[in-house]
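Position 115 of the sequence shown, counting from 1, maps to 114 under numbering that gives the first Met the number 0, and the rest follow consecutively.
We put the beta carbon where it would ideally sit given N, CA and C, even for glycine.
Remember, predicted model here, so these are calculated numbers, not experimental data.
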Amino acid sequence: MIQGILNFQFILNQEESGEIEPEFRPIKLIFHNKKFNESNYTELISTNDIFGIFYQHTTGIFKDKGAFSNFYTGRLKETPYQVVSYYRQETDSSKYLTISFFELDDEVEIFQDLLNTMAKRLLLIFKKLININPLKQISLLEKIHSKVESELKFTIFQIDRLSQLDKLQKASLIFHSDERLKILEILRERPIAKKELKGILERMKPNINIDVLLDPFLELNLIRRDWIKGEKDKETGIVKNQGEYLFLTKDILLARLPNENILNRLRENKKNLYDIYKDKVADYFLTYDVNKQSVEELKKISGLLLNPDSYDFLALMRNSYYPLDKLPKIFSDWFDIEVILSTLEDLKIVTT
Numbered sequence: 000m001i002q003g004i005l006n007f008q009f010i011l012n013q014e015e016s017g018e019i020e021p022e023f024r025p026i027k028l029i030f031h032n033k034k035f036n037e038s039n040y041t042e043l044i045s046t047n048d049i050f051g052i053f054y055q056h057t058t059g060i061f062k063d064k065g066a067f068s069n070f071y072t073g074r075l076k077e078t079p080y081q082v083v084s085y086y087r088q089e090t091d092s093s094k095y096l097t098i099s100f101f102e103l104d105d106e107v108e109i110f111q112d113l114l115n116t117m118a119k120r121l122l123l124i125f126k127k128l129i130n131i132n133p134l135k136q137i138s139l140l141e142k143i144h145s146k147v148e149s150e151l152k153f154t155i156f157q158i159d160r161l162s163q164l165d166k167l168q169k170a171s172l173i174f175h176s177d178e179r180l181k182i183l184e185i186l187r188e189r190p191i192a193k194k195e196l197k198g199i200l201e202r203m204k205p206n207i208n209i210d211v212l213l214d215p216f217l218e219l220n221l222i223r224r225d226w227i228k229g230e231k232d233k234e235t236g237i238v239k240n241q242g243e244y245l246f247l248t249k250d251i252l253l254a255r256l257p258n259e260n261i262l263n264r265l266r267e268n269k270k271n272l273y274d275i276y277k278d279k280v281a282d283y284f285l286t287y288d289v290n291k292q293s294v295e296e297l298k299k300i301s302g303l304l305l306n307p308d309s310y311d312f313l314a315l316m317r318n319s320y321y322p323l324d325k326l327p328k329i330f331s332d333w334f335d336i337e338v339i340l341s342t343l344e345d346l347k348i349v350t351t
């Protein structure tokens with residue numbers, strides 16, 4: 000579960016003695032976990048950890064002039080949370096740090112697209128702060144800070160929605176992840192020791208959490224976990240092949256089917272459209288082979304299913320048809336209907 004998203008500006012304060020005192024000054028602090036607030040946010044993250052994250056972003060500056068990393072993912076040292084942080088340095092050298100907090104067993108990778116979208120929106124806002132005099136343009140500054148607050152709240156709302164996955168979205172977690180696709184590939188061939196599987200996956204991505212990777216398989220009842228006693232070597236007395244093993248009990252795939260509901264409604268109400276739509280559906284499924292879908296295609300489709308807005312849009316289109324200029328206005332302000340329609344048409348999921 001997301002704990003909150005905190006936004007800071009890096010400030011260098013000059014003391015009366017002439018010494019420079021660095022500070023991360025809060026701009027907006029938005030909490031999802033109600034036990035945190037603006038007066039106790041240091042229980043969520045310490046000052047040392049904030050500077051540690053800043054260092055992770057800016058280390059590259061000392062290697063290549065002007066270089067830095069916009070995103071960083073890692074665990075905090077002084078509190079039991081993991082973070083995804085976004086760093087932005089503007090042309091006037093102002094520096095902003097936006098930190099999203101998650102529990103240690105959260106799979107933060109599935110939220111990355113939402114965090115990328117937030118970062119793009121914040122980028123536009125930070126640029127507006129460049130030419131503002133905070134002493135003379137207080138009203139304008141407050142409006143911009145209010146926009147930051149809205150962005151953080153909306154992102155938390157979207158992440159919370161994505162945290163409550165249905166079965167189709169849990170299946171999408173498998174097809175959207177290289178590591179989970181590897182698990183599925185191996186288990187289709189043979190049972191495997193959990194320890195051996197972990198070793199294979201760590202060659203793909205160091206420091207993986209295999210229990211998190213296995214979650215959707217277990218929640219969908221696709222695998223069984225059993226403890227195998229192993230065999231004792233008569234000469235050495237060493238027990239071999241002992242440990243926890245994983246068995247695939249049900250296979251899984253993402254498959255397309257003709258939308259019978261839409262076909263029936265068109266036949267009853269829009270006979271002229273029915274003939275056109277029926278022919279397009281027939282042409283597509285004439286050559287469609289569920290076993291020949293590319294990994295790239297499966298990742299694109301599963302990515303759409305893991306985006307709350309595009310998932311809602313797909314659910315809407317699954318149940319009815321609409322004129323392009325009369326699509327229901329049920330989506331977020333940042334939902335780009337033209338982009339999602341273009342993507343769905345490219346994947347031949349919808350037609351116009």
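Should residue i go down as buried or exposed, given a rule of 16 or more other Cβ atoms within 10 Å for buried?
i, result
"residue 198", "exposed"
"residue 290", "exposed"
"residue 362", "No information on residue 362 is available, as it lies outside the stretch 0 to 351 that the chain covers here."
"residue 284", "exposed"
"residue 237", "exposed"
"residue 232", "exposed"
"residue 137", "exposed"
"residue 269", "exposed"
"residue 308", "buried"
"residue 96", "buried"
"residue 89", "exposed"
"residue 0", "exposed"
"residue 102", "exposed"
"residue 178", "buried"
Can you grab the Cα-Cα spacing for the pair residue i / residue j, in whole Å?
i, j, result
"residue 38", "residue 51", "21 Å"
"residue 203", "residue 341", "33 Å"
"residue 255", "residue 247", "23 Å"
"residue 120", "residue 7", "16 Å"
"residue 145", "residue 36", "17 Å"
"residue 116", "residue 239", "50 Å"
"residue 190", "residue 312", "39 Å"
"residue 169", "residue 176", "12 Å"
"residue 293", "residue 287", "12 Å"
"residue 245", "residue 80", "29 Å"
"residue 174", "residue 344", "20 Å"
"residue 127", "residue 53", "22 Å"
"residue 234", "residue 226", "24 Å"
"residue 349", "residue 98", "37 Å"
"residue 249", "residue 140", "56 Å"
"residue 281", "residue 322", "22 Å"
"residue 118", "residue 93", "16 Å"
"residue 263", "residue 188", "41 Å"
"residue 64", "residue 186", "Residue placement at residue 64 is poorly supported in this model, since its pLDDT is 41, which falls under 50; the coordinates still yield a value, given next. Those two C-alpha atoms are separated by around 47 Å."
"residue 33", "residue 49", "21 Å"
"residue 351", "residue 300", "19 Å"
"residue 266", "residue 260", "10 Å"
"residue 213", "residue 298", "18 Å"
"residue 184", "residue 217", "16 Å"
"residue 100", "residue 55", "16 Å"
"residue 314", "residue 324", "18 Å"
"residue 150", "residue 251", "37 Å"
"residue 5", "residue 41", "11 Å"
"residue 228", "residue 241", "5 Å"
Am I right that residue i and residue j are in contact with their C-beta atoms under 8 Å? What's the rounded C-beta distance?
i, j, result
"residue 196", "residue 182", "7 Å"
"residue 114", "residue 85", "7 Å"
"residue 243", "residue 224", "6 Å"
"residue 158", "residue 143", "The pair is not a contact, with the Cβ atoms about 23 Å apart (cut-off 8 Å)."
"residue 87", "residue 122", "6 Å"
"residue 26", "residue 147", "6 Å"
"residue 215", "residue 172", "4 Å"
"residue 317", "residue 271", "With a Cβ gap of about 22 Å, residue 317 and residue 271 do not count as contacting."
Given a cut-off of 8 Å, decide if residue j and residue i are closer than it, judged by their beta-carbon atoms.
i, j, result
"residue 107", "residue 57", "no"
"residue 209", "residue 193", "yes"
"residue 326", "residue 336", "yes"
"residue 253", "residue 166", "no"
"residue 296", "residue 221", "no"
"residue 112", "residue 211", "no"
"residue 161", "residue 110", "yes"
"residue 30", "residue 3", "yes"
"residue 20", "residue 47", "no"
"residue 82", "residue 70", "no"
Does residue i get closer than 8 Å to chain B when you measure Cβ to Cβ?
i, result
"residue 115", "The structure shown contains no chain B; it holds only a single protein chain."
Looking at C-beta atoms only, is the number of pairs between the segment 261-278 and the segment 116-136 that lie closer than 8 Å three or more? No, because fewer than three Cβ pairs between the segment 261-278 and the segment 116-136 fall closer than 8 Å, the two stretches do not touch.
Touching or not, the segment 146-155 and the segment 299-306, by the rule of three or more beta carbon pairs under 8 Å? Using a C-beta cut-off of 8 Å, the segment 146-155 makes no contact with the segment 299-306, since fewer than three inter-stretch Cβ pairs fall below that distance.
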